[in-house]
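Per our numbering, the very first residue in the sequence shown carries number 155; after that it's consecutive.
Glycine included, C-beta positions come from ideal geometry on N, C-alpha and C.
Everything on this sheet refers to the single structure shown next.
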Amino acid sequence: MLKQFITVAIFGICSVSLSFSQQEHQPKNFTAKKINQYTPNNKTPDFDARIKNVEAPTPGGDSYKSFLLRQKIKGSRLHKKGAFKATNSINMNAPAPTINWQMAMYRYLAPLDTNYLLSGGVPLDNTIAVNNDNILLASVNSYLWGYDLEADTILFKDQIGSTKTISFKEFAGDSISPSNENTFPFDPKLLYDPNHDRFIFAFLDGRGPDDSQIVVGFSNTSDPRDGWSVYAITGNPRDVNEWTDYPALTITENELFVTINLIENNVSWQEGFRGSVIWQMDLDGAYAGNSEVDLQLWDNIKYQGRYLRNLNPVEGPDGPSGPNAYFLSNRNFDVQNDSVFIVEVTNTMQSGEAALNIGMGKLDQPYGVPPNGKQGDTPPGSADSLGLQTNDARWLGAILFEDEIHFVGNTRDFETNNAAVYHGVIDSLNGNRTFTGNIIASDTLDFGYPKLAYTGMSDCDNTYMIGFNHTSPTFHPGVSAIYYNHNTREYSPRVTLKRGEGVVDKQQGATERWGDYFGIQRVYNNPGTVYTGGFYGKGGNQSNTWLSKLTIAPAETSDPQLAVDTTFSPANRCEVKLSANVSGGKAPYTFLWNGEQSDSSYTFNGCNGPFELKVIDDWNCEVSMSGNIAEENQFSVGKSRIFPNPVINDLTIDFSMSQQQKVDVYIIDATGKIVKKLMSTSVQEGNNQLIFNTAPLQEGIYRVVIQAGDNQLLEEPFVKLR
């Protein structure tokens, strides 16, 4: 029986003053032209015959491979010499995720009435997206595949009843130029936008300055069979001898961001890297299917005169964030380093006020170039030159939650010398930032290509699923996941989603491509549910994508709820005793009355003005309220939540009342003027929801105020956008 131990390296918090690169960036305007209106149909496909090169470009080029090999060998030698700090083991007490559904990507052939498993290109480059109607899209090099999870059937079919995949060439139409016919489009990326209920699908085409382009498609509806508007973004924006590689995507409420690396053609990787850039694209025009869509390019992104590589976008936890967008980078080639770079685009294109900021922090736990993954046919001692390629230590996934960023990437475990997962946290993003890092490793397995998804079920449920690939000489390449609860700082035991069925040997005698990505997404309308798509050896020296549905148990505690009772002194009617009653959350609680720490009771002069109360539980979850005290009038307002904010159309405010009360509801502008009295009504005890349309309002900053007589019960600011 295979015995394995999982370790997580935890180090003390490193609090640093963030340093910033003093450099002004001016975006350059472009347009993306519509190149195809693609509709999947049920026609029988033609032969589409061509001979193509088997392998997609290595990030950085071929000379990068040899440099990376030297770095991996150097790291292994330093480990043998004890040059690295050992990692600390901890118990992993969080509950393990539950596997609810699994399958491999396959096709059905009607004439033979049989299914067969699919294989992808080299590398697979797994990516997935799932919408709120249980339609799953998955892509590898170089096709798109779909599945109706509710109907339990493959999505795309031809005229004779067989299922089909959609080639990248079919999707892009005639825009795939003849010069590319001996190669193929590569590096697919999928996103689902829950705000607009649409899919986004992107990939790269071309490997030179004359034909390089980013192809981006936007589904017309929530059903990908209803058609796509397909656009092309130039892969040579400077109009020099460069081409585009290594895309990454994220969305805010109104825009798509695409990061790529620019590579000079026919030059060594050291000299040929020409920077990572950010494309900022208008979503409304793309979803509308306009013939052209506005873009702007953020270029020349450097820190202290040195280009940043591989800008990994930071995603929102439960949907698009924004309007600001964040990106992370590091020194991914170093044998050991602790730097993390934060790039921020501060506003939308339409605002005319967008700026780009760059900062750097130091992690308490270093990361480093990982060794390659070992499998059954890897000769002992040769993993650095053979095995499964782990590339470098770039960040591969990141999520913004409240005021912190969680991110993951490949690393070397400096204790076992195995390939491992780095999990980092940037806390107090908008204040005094801290940078912490954990290494998730095994003494028997190599891990690679992690990515994470948010799994929280309530406002303060700060939890994540981390999916990744695994391999060892005795454990064929497969797929794993770990659940992480940041409230308790606990990881779950590793769960095997798929144990591989054989070694992968598509490139005989060479390092096998293992990534370069992992597919994972939260189901936005089903909190606590995540789908994953990872790499596994399916036998016959081939690889395929393994899809899984994972769930976690609801949190043991709910978000804290707050009520306040008032008691008036018989001798002095201005002397008021306030008593806070807290339910839910995680005890102990910290009480801040008018900015002063106290216990759950507070006595003050109610005639002199309002009170403010903030309660923080042991998981740093915060609930607050404020109000004016009217004699003999006891009231309480529970935790409130306003969304979406900023808002374009309907605005929703959730709040709770301790008792039935007649209230007035107002909209107040930034000058304090009452714009509109929305209603006078009686509000019931318990949970309530206020919904109204903001369309009559001009752009600006407003407040919603709920008032009972002279007592202000609730005040929520919001930003109105057009």
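Identity of the residues DSSP links to residue i by a beta bridge
i	result
Val575	Asn564 and Ile594
Tyr743	The partner list for Tyr743 (beta bridge, DSSP) is empty, contrary to what the question assumes.
Phe322	Bridge partners of Phe322: none, in fact.
Tyr457	Arg460
Asp399	Asn415
Met833	Val819
Ala442	Ala442 pairs with nothing; no bridge assigned.
Lys516	Ser493
Asp359	Gln367
Trp549	Gly563
Arg352	Asp347
Pro467	Phe481
Pro871	Arg857
Ala283	Leu291
Gly527	Leu542
Gln715	Ser737
Ser752	Phe745
Glu407	Answer is none; Glu407 lacks a bridge partner.
Thr806	Phe797 and Ile845
Glu644	Asn639
Ser475	Thr406
Gln450	Asn183 and Gln434
Asn195	Answer is none; Asn195 lacks a bridge partner.
Gln866	Gln861
Arg261	Tyr270
Leu554	Ile559
Ile828	Ile822
Rounded Cβ spacing between residue i and residue j (contact assumed at less than 8 Å)
i	j	result
Ala283	Gln675	6 Å
Ala402	Thr413	5 Å
Ser612	Ala248	That belief does not hold up - the Cβ atoms of Ser612 and Ala248 are roughly 17 Å apart, past 8 Å.
Val523	Asp492	That pair is no contact at about 14 Å.
His630	Gly656	6 Å
Tyr260	Leu272	6 Å
Ser445	Lys188	5 Å
Leu716	Val777	5 Å
Gln450	Pro181	4 Å
Ser321	Tyr297	5 Å
Pro348	Tyr678	4 Å
Span of the beta strand (DSSP E), counted from its first residue to its last, around residue i
i	result
Asp436	Phe427 to Asp436
Pro342	Phe340 to Asp347
His859	His is not the amino acid found at residue 859; the sequence shown has Val there. Taken as a continuous stretch (DSSP letters only), the beta strand (DSSP E) holding Val859 covers Gly854 to Ala862.
Trp781	As written in the sequence, residue 781 is Gly, which differs from the Trp given in the question. Note, Gly781: beta strand (DSSP E), Glu776 to Gly781.
Val369	Gln367 to Ser373
Gly300	Tyr297 to Asp302
Glu766	Phe765 to Ile770
His630	Phe629 to Asn639
Met257	Thr252 to Ala258
Met619	Thr617 to Ser626
Lys311	Counting along the chain, Lys311 falls outside any beta strand (DSSP E), and DSSP gives it neither H nor E.
Asp600	Asp600 to Tyr608
Lys652	Val649 to Lys652
Lys188	Lys182 to Tyr192
Val384	Trp382 to Thr388
Ser269	Sequence check: residue 269 is Asn here, not Ser. Looking at the DSSP string, the run of the beta strand (DSSP E) that includes Asn269 is Thr268 to Leu271.
Query raised in the report: Do three or more CB pairs link the region 559 to 572 to the region 505 to 512 at distances below 8 Å?
Result: The answer is no - the region 505 to 512 does not touch the region 559 to 572, with fewer than three Cβ pairs under 8 Å.
**Report entry** 3-residue-minimum beta strand (DSSP E) runs that sit fully inside the region 660 to 708, ordered along the chain
**Finding:** For the region 660 to 708, whole beta strand (DSSP E) runs of length 3 or above, ordered along the chain, are 673 to 676, 683 to 693 and 696 to 705.
Requested in this report: At 4 residues or longer, and completely inside the region 485 to 511: list those alpha helix (DSSP H) runs for me, N to C.
Outcome: Segments of the alpha helix (DSSP H) lying fully in the region 485 to 511: there are none.
Requested in this report: Decide yes or no for the touch test of the region 800 to 814 against the region 825 to 833: beta carbon pairs closer than 8 Å, at least 3 of them.
Outcome: Between the region 800 to 814 and the region 825 to 833, the count of C-beta pairs closer than 8 Å stays below three; the two stretches do not touch.
Query raised in the report: Would you call the region 742 to 749 and the region 279 to 299 in contact, with 3 or more CB pairs under 8 Å?
Result: No: the two stretches stay apart, fewer than three of their Cβ pairs being nearer than 8 Å.
Report task. Taking 8 Å as the threshold, find out whether the region 543 to 560 comes into contact with the region 659 to 672 through three or more Cβ pairs. Result -> A contact exists between the region 543 to 560 and the region 659 to 672.
Requested in this report: Take every Cβ of the region 261 to 275, pair it with every Cβ of the region 708 to 718, and state whether three or more of those distances are shorter than 8 Å.
Outcome: Segments in contact, no.
Query raised in the report: Taking contact to mean at least 3 C-beta pairs separated by less than 8 Å, is the region 458 to 468 in contact with the region 480 to 495?
Result: Taking a contact to require three or more Cβ pairs closer than 8 Å, the region 458 to 468 and the region 480 to 495 qualify as touching.
Query raised in the report: How about the region 599 to 615 and the region 693 to 712: do they share at least three Cβ pairs that are nearer than 8 Å?
Result: By the Cβ test, the region 599 to 615 is in contact with the region 693 to 712, since at least three Cβ pairs between them sit closer than 8 Å.
Query raised in the report: Does the pairing of the region 689 to 701 with the region 480 to 490 give three or more beta-carbon distances under 8 Å?
Result: The region 689 to 701 is not in contact with the region 480 to 490.
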